[in-house]
Structure formats: C-alpha cells, structure tokens
Amino acid sequence: MSHTHQPAVRPEDLLPAGVDSTAINGRVVRKGSVAAFIANAVRLDSLTEDTPEYAALVTELRELAPALRTIGLLDVFEPRSPVVGRILADAA
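Numbered per my numbering, the sequence shown spans residues 22 to 113.
This is how it looks when you write it as structure tokens:
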C-alpha cells in the first residue's frame with residue numbers, strides 16, 4: 022500500500038491573511054465561526070433557560086451549526102454539554 026506525503030494544513034492554507042470567509046461545499050463559512058460557537062456554548066452553561074441572553078445564545082448556536090458541519094468539526098468532535106448536543110441535533 023502506498024501512502025503519499027501530504028503536509029499538515031495550516032490556517033493560512035484555508036484562509037489567507039485579509040480573507041474573512043471561504044465557500045466550502047457551496048456554503049460560505051466565516052473566519053471565527055468555530056471560536057464564536059465555542060464562546061457562546063461556554064457562556065450558555067452559566068445561564069438559565071429563562072433569560073433573554075440564553076435564548077439569544079441558542080439562536081446564534083443554531084445559526085453557526087451548519088458551518089461546523091460543513092467544515093467537518095462534528096465528524097471529529099462531540100460536545101460534552103448535553104444542551105449543546107441537543108442544539109446541534111435540532112439544527113441538523
């Protein structure tokens with residue numbers, strides 16, 4: 022079996038400096054989508070469901086979910102938070 026050597030992918034290989042988004046499989050994915058999703062998921066854990074901020078974070082997480090699927094993040098990582106897991110399942 023022959024294996025070809027492929028170098029590791031670096032961030033600048035996907036989004037060069039000055040480029041804020043890219044199209045992957047027909048979907049535009051913005052730079053910062055993963056970081057925004059993580060920041061919102063972490064904040065969600067500190068809130069209760071009856072707050073307006075909680076609802077806003079859930080909405081944003083649902084909007085970011087397709088980008089995470091498009092880049093394949095959910096093929097290799099699974100959320101620890103059951104709440105985030107349900108949001109991702111609902112947004113599928």
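Beta carbons are placed, not taken as given, at the ideal position from N, Cα and C, and that holds for glycine.
| Query | Result |
| --- | --- |
| When the Cα atoms are used, what is the spatial distance from I108 to S42? | 24 Å |
| Quick check: the segment 74-86 against the segment 55-66, are there 3 or more CB pairs under 8 Å? | yes |
| Quick one: using the 10 Å Cβ neighbour count with 16 as the cut-off for buried, is V123 buried or exposed? | A query on residue 123 cannot be resolved here, the shown segment of the chain reaching from 22 to 113 and no further. |
| Since I45 sits in a beta bridge, which residues does DSSP pair it with? | R48 |
| Would you mind reading off the limits of the alpha helix (DSSP H) that contains P87? | 73-92 |
| Should S54 be labelled buried (16 or more other beta-carbon atoms within 10 Å of its own) or exposed? | buried |
| Tell me where the alpha helix (DSSP H) around V104 begins and ends. | 103-111 |
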